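Going by the working numbering, the sequence shown opens with residue 14, and the numbers climb by one from there.
Just so it is clear, CB atoms sit at the ideal spot from N, CA and C, and this is done for glycine as well.
Predicted, not measured: the structure shown is a model, and the values here were computed from it.
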Amino acid sequence: MNQKSTLNKEKLMKYSAMAGTVLAASGAADAQIIYTDVNPDQTIGIPGAFALDLNNDLTVDFNITASFRSGTITIGIPVSYTADGVALELFDSNQAVASSGSLYPYGLVIDATTMIDDQSSWMGNTLGEDTMFLAVDGLAGGTFPVQLGNWAGEQNKFLGLKIVVGGNTHYGWARLNVAADASSFTIKDYAYQATPATGIEAGDNGTINVSVEEQMLAGIKMRFFDSYLGVNVPEGLNNGELTVVNTTGQVIAREGLNNGSNQIQLSEMAQGIYMMSARFDEGIITKKFMIK
Numbered sequence: 014m015n016q017k018s019t020l021n022k023e024k025l026m027k028y029s030a031m032a033g034t035v036l037a038a039s040g041a042a043d044a045q046i047i048y049t050d051v052n053p054d055q056t057i058g059i060p061g062a063f064a065l066d067l068n069n070d071l072t073v074d075f076n077i078t079a080s081f082r083s084g085t086i087t088i089g090i091p092v093s094y095t096a097d098g099v100a101l102e103l104f105d106s107n108q109a110v111a112s113s114g115s116l117y118p119y120g121l122v123i124d125a126t127t128m129i130d131d132q133s134s135w136m137g138n139t140l141g142e143d144t145m146f147l148a149v150d151g152l153a154g155g156t157f158p159v160q161l162g163n164w165a166g167e168q169n170k171f172l173g174l175k176i177v178v179g180g181n182t183h184y185g186w187a188r189l190n191v192a193a194d195a196s197s198f199t200i201k202d203y204a205y206q207a208t209p210a211t212g213i214e215a216g217d218n219g220t221i222n223v224s225v226e227e228q229m230l231a232g233i234k235m236r237f238f239d240s241y242l243g244v245n246v247p248e249g250l251n252n253g254e255l256t257v258v259n260t261t262g263q264v265i266a267r268e269g270l271n272n273g274s275n276q277i278q279l280s281e282m283a284q285g286i287y288m289m290s291a292r293f294d295e296g297i298i299t300k301k302f303m304i305k
């Protein structure tokens, strides 16, 4: 089952509602981590899904799902089952850090600062399946409890992810909570290493110091209205400038930003996707929006 084209269309439409916050930060001279804060955190229950576009190129790389499942499995003899489950669907050549399970691969739980690179335990589509279970909780034969996977009840842990873009491999992570009964999950943030074939530590968002500056940047509120952008800037950020560009890189607007409420007038903007970036001495925050 591959719903990639449908998910892409749905995700594209959702950009008008500001899907998340993207922070770009350079570490070493040859490395760059692109971080996306899902703000607010999104909790997905049954039935539901989160289309994860790890590198924000409007192509869905993974689909995290919460669903009810039923059917028959053969373990010596056919046995019926019913279960709630949280799973990861993998598209194209993308993979996740996982272990072999009794039925499907199981996504591994990764702690913060764990290195995600070519030495990690990668698994992709196996036996023609594109599903990797995180947690399953149910009954077999209507009586016997069944708990599968590694993620049930885990909080603030990380999935290790790998995507292939233009023939290049990029490593990344996504931070999740998963309910103990596998009935829901919460996606908090994710990031990827923009430099090909370069590892990334779980939880590394590219900032030298996860500090007050990052918290202030995350507190910036940007909203698109019919003819202007409203930008609210917390105290403590300095020398702000907002830039709006279209998908070809053309600058549509560039205005200074002050602490507090700002309104940037926009006129005669064609339908399409735009990127607005607020730059300060303390860092940069970027969001996408769509004009329909």
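Comparing alpha carbon positions, the residue from Gly232, Glu295 and Ile86 closest to valine 246 is Gly232.
As the crow flies, the alpha-carbon of lysine 301 is around 18 angstroms from that of phenylalanine 63. A distance below 7 angstroms between beta-carbons, with the five flanking residues on each side excluded, links asparagine 252 to the following residues of its chain, in chain order: Phe293 and Asp294.
Secondary structure within the segment 160-205: the beta strand (DSSP E) runs of 3 or more consecutive residues, fully enclosed, are 170-178 and 181-191 (chain order). The beta carbon of serine 106 sits closer than 6 angstroms to the beta carbons of Val177 from its chain, once the five residues preceding and following it are set aside; these are given in chain order. Note on arginine 267: under 16 other CB atoms within 10 angstroms of its CB, so exposed under the neighbour-count rule.
Closest in alpha carbon position to threonine 72, among Ser83, Ile304, Gly179 and Thr87, is Gly179. In the three-state scheme derived from DSSP, where H, G and I count as helix and E and B as strand, alanine 266 is classed as strand.
The secondary-structure analysis by DSSP pairs lysine 300 across a beta bridge with Met289. Leucine 230 carries a helical assignment under DSSP once its states are collapsed to helix, strand and coil. Inclusion of glycine 173 and alanine 207 in the CB contact set at 8 angstroms is not warranted, their separation being larger than that value. Around the Cβ of alanine 125, a 10 Å sphere holds fewer than 16 other Cβ atoms; the residue is exposed. In the structure shown, glutamine 284 adopts coil according to DSSP, grouped into three states. In this structure, Leu67 is the residue among Asp54, Leu67 and Val258 with its C-alpha nearest to the C-alpha of tyrosine 48. By alpha-carbon distance to methionine 128, the top candidate from Pro118, Arg82 and Tyr205 is Tyr205. Taking 8 angstroms as the cut-off, the Cβ atoms of methionine 145 and leucine 189 do not count as close. Around the beta carbon of isoleucine 46, 16 or more other beta carbons sit within 10 angstroms, so the residue counts as buried. For serine 93, the enclosing beta strand (DSSP E) stretches over residues 90-103. Going by DSSP, isoleucine 46 is part of the beta strand (DSSP E) stretching over 45-58. In the DSSP assignment, glutamate 254 falls within the unbroken beta strand (DSSP E) covering 253-259.
In terms of Cα proximity to isoleucine 123, the closest of Thr211, Thr260, Asp217 and Gly84 is Asp217.
Asparagine 163 is not a Cβ neighbour of glycine 98, given a cutoff of 8 angstroms. About 7 angstroms separates the CB atoms of glycine 166 and valine 191; that is less than 8 angstroms, so the two are in contact. Measuring C-alpha to C-alpha distances from threonine 260 to each of Gln278, Met235, Met288 and Val244 identifies Met288 as the nearest.
With a 10 Å radius around the Cβ and a threshold of 16 neighbouring Cβ atoms, isoleucine 86 comes out exposed. Looking at the DSSP output, phenylalanine 63 shares a beta bridge with Ile77.
Of Asp143, Ile265, Leu270 and Gly296, the smallest CA-CA separation from isoleucine 286 is found for Ile265. Residue pairing by DSSP puts proline 158 in a beta bridge opposite Leu152.
Residue nearest to glycine 273 within the set Met235, Met136 and Gly262 is Met235 (criterion: CA-CA distance). The Cβ atoms of isoleucine 213 and isoleucine 77 do not sit closer than 8 angstroms to each other.
Nearest Cα to serine 197 within the set Gln168, Gln278 and His183: Gln168.
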